[in-house]
Amino acid sequence: MKRSYWILASIILIFLFGCSGSKAIDEVHTMEKQEIYADSILTISDYFPFKENTIMEYEGLGNEFAEKKTFVEFKEERKIQLKELNPGTIFVRVIEYSNGELKEIYAEGEFYHIENMLNANTNKNNVLLKEPLEVGNTWSNEDGTTKEITGLNKTIETPSSIYEALEVTTKFPSGGTLTEYYARDIGLVGSIYRDGGYEVKTLLREVKSHVQELGIISYYPLADKIGTGYMEQTITFETNDHIEEILENILKNPPSEKLGPSISRDVKINEIHLDREAWILEVDFSKEFADDLNVGSAQEAEMLKSVVNTLGKFYDVEKVYITIEGLPYESGHYSIKEGEYFIVDTAEVIEIK
2 MKRSYWILAS IILIFLFGCS GSKAIDEVHT MEKQEIYADS ILTISDYFPF
52 KENTIMEYEG LGNEFAEKKT FVEFKEERKI QLKELNPGTI FVRVIEYSNG
102 ELKEIYAEGE FYHIENMLNA NTNKNNVLLK EPLEVGNTWS NEDGTTKEIT
152 GLNKTIETPS SIYEALEVTT KFPSGGTLTE YYARDIGLVG SIYRDGGYEV
202 KTLLREVKSH VQELGIISYY PLADKIGTGY MEQTITFETN DHIEEILENI
252 LKNPPSEKLG PSISRDVKIN EIHLDREAWI LEVDFSKEFA DDLNVGSAQE
302 AEMLKSVVNT LGKFYDVEKV YITIEGLPYE SGHYSIKEGE YFIVDTAEVI
352 EIK
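For the sequence shown, position 167 (counting from the first letter as 1) is numbered 168 according to the numbering used here, and the numbering increases by one without interruption.
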C-alpha cells in the first residue's frame, strides 16, 4: 500500500511538472529521491560519493577565499585524495571512509604539484561524518570542535539547484559555527560559517565531468644553438593518472621547433619522490638517460638544466637529486654523489613564443 502511494505520488509529480520546464524539475530535485529512500538505511557513501574525473565548483560569499574548486586526484576503494583550489592557495586532503566514519587523515597546503599522498603518514584525525546518520548524533574531534547531525532533510538553495540535504553543525571553541550540507549522490553542496554577525557561505555552483588542468613551465635545450628556452603549457590529469608518464611526455615533446627534447623517447622516469624534510626532489631515470647525455659537455649541461628546471619548478623546489637506476647521476662530464643535488637555475634562459 505504501509503495503504491509513492508510485502514485511520482506520477502526479511528473504530470504537474512535465510541461513546466527543466527549472521546475530542478526545484523538486529534493522530493522524489528523498521519498524513494525514505525507509532506506543511508550510509556516508550515499552523501559523500567518491567520484572520479569530476570537478565541483563553489561560489563564495562574504570572503574572497570562500570560493573553491575540488577534484579527486587519487582514489582507492575507501580513500581519496581531494585537491582543493581557492583564490589564495591550493591544498590536498586525504579522506577515508571506514568503520562508519568519514575522516580527514592528511592535509597539506601550498600543494601546487601532483603527488599521491594516499599512503602518507597521517597528520589529521578529523571526523567529518559519523554513522548512524541520525539527528542528534554528536562527536568531538582532537582540535576541540564538536560536530552534530542537526537535520536530515534541510533545504538549501545553491546556484546549481535546491537540495534536501544532510545537515552537520560544527561548534568551534572560539564560539563560531560551521553548518555543512551534504546531498545524496553529490556530496558537499554548501557550507555556512557564522561568528556573531559575520557570515561566510560556500555554495555549489556546478558539477561537471572533467579532467584536472594545471599550468607548467617547461624548459628545453635550444634547437639551433647552445642555450635553454622555456614555454608555458597546460597539462591534463585524470583521476589515478601517473604523473611520471605525464612529465616524461612533457620533457620528450617540446612545443616549438625552436626547442629540442630534454630527454629521448626511450627514457623513462622510474620514480619521483619529494623529501619533505630536506625539501629535495628525488628523481630516478631509466638507464637510457645516460645514453642521452653522451654528447658534448655544453649540450649535456643544457639538457640537465632543462630537466632540473622543469621538474624543480613543477614541484616548487630548488634542489633536484637525479639517479639512474638507483645510482647517483654520473657521465663523462658531470657527476654527483649521494646526498648531492643539482640546483634550479633560470638565469639566461629564453622565453619562446
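We treat Cβ as the ideally placed atom computed from N, Cα and C, and that holds for glycine.
Does DSSP put ALA39 in a helix, in a strand, or in coil?
-> For ALA39, the predicted structure reports a pLDDT of 46, less than 50, and the residue's modelled location is therefore unreliable. A value from the coordinates is still provided. Here ALA39 sits in coil by DSSP.
Residues sharing a beta bridge with ALA291, DSSP | BP columns for ALA291 are empty, so no partner.
Quick check: the region 267 to 282 against the region 87 to 100, are there 3 or more CB pairs under 8 Å?
-> no
Is GLY188 helix, strand or coil by DSSP?
-> strand
Taking only the alpha-carbon atoms, compute the straight-line gap between MET32 and GLU165 and give it to the nearest angstrom.
-> With a pLDDT of 45 at MET32, under the threshold of 50, the modelled position of that residue is not reliable, and no figure is offered here.
Following the continuous alpha helix (DSSP H) through ILE115, name the residue where it begins and the one where it ends.
-> Per DSSP, ILE115 belongs to no alpha helix (DSSP H) and is neither H nor E.
In the structure shown, what three-state DSSP assignment does ASN271 receive?
-> strand
Looking at the structure shown, is TYR48 part of a helix, part of a strand, or coil, going by DSSP?
-> helix
Exposed unless 16 or more other CB atoms sit within 10 angstroms - verdict on GLU74 | buried
Is it true that the region 225 to 233 meets the region 193 to 204, where meeting means three or more beta-carbon pairs spaced less than 8 Å apart?
-> no
When you compare only the Cα positions, how much space is there between MET304 and GLU341?
-> 18 Å
Pair within 9 Å by beta-carbon distance, TYR231 and VAL284 = no
Could you please give me the residues that DSSP links to ASP285 through a beta bridge?
-> GLU272, THR324
Beta-carbon separation of THR55 and VAL190 under 9 Å?
-> no
If TYR220 sits next to ASN310, beta carbons under 8 Å apart, how far is it from one beta carbon to the other, in whole angstroms?
-> 4 Å
For LYS259 and GLU107, the rounded distance between their alpha carbons = Residue 107 is actually Tyr in this sequence, not Glu. TYR107 and LYS259: Cα-Cα distance of roughly 43 Å.
What is the DSSP secondary structure of GLU298, reduced to helix, strand or coil?
-> A small correction: the amino acid at residue 298 is Ser; Glu does not occupy that position in the sequence shown. DSSP places SER298 in helix when its eight states are reduced to three.
Span separating the alpha-carbon of LEU248 from that of GLY198 | 48 Å
ILE187 versus LEU167: straight-line alpha-carbon distance, rounded = 11 Å
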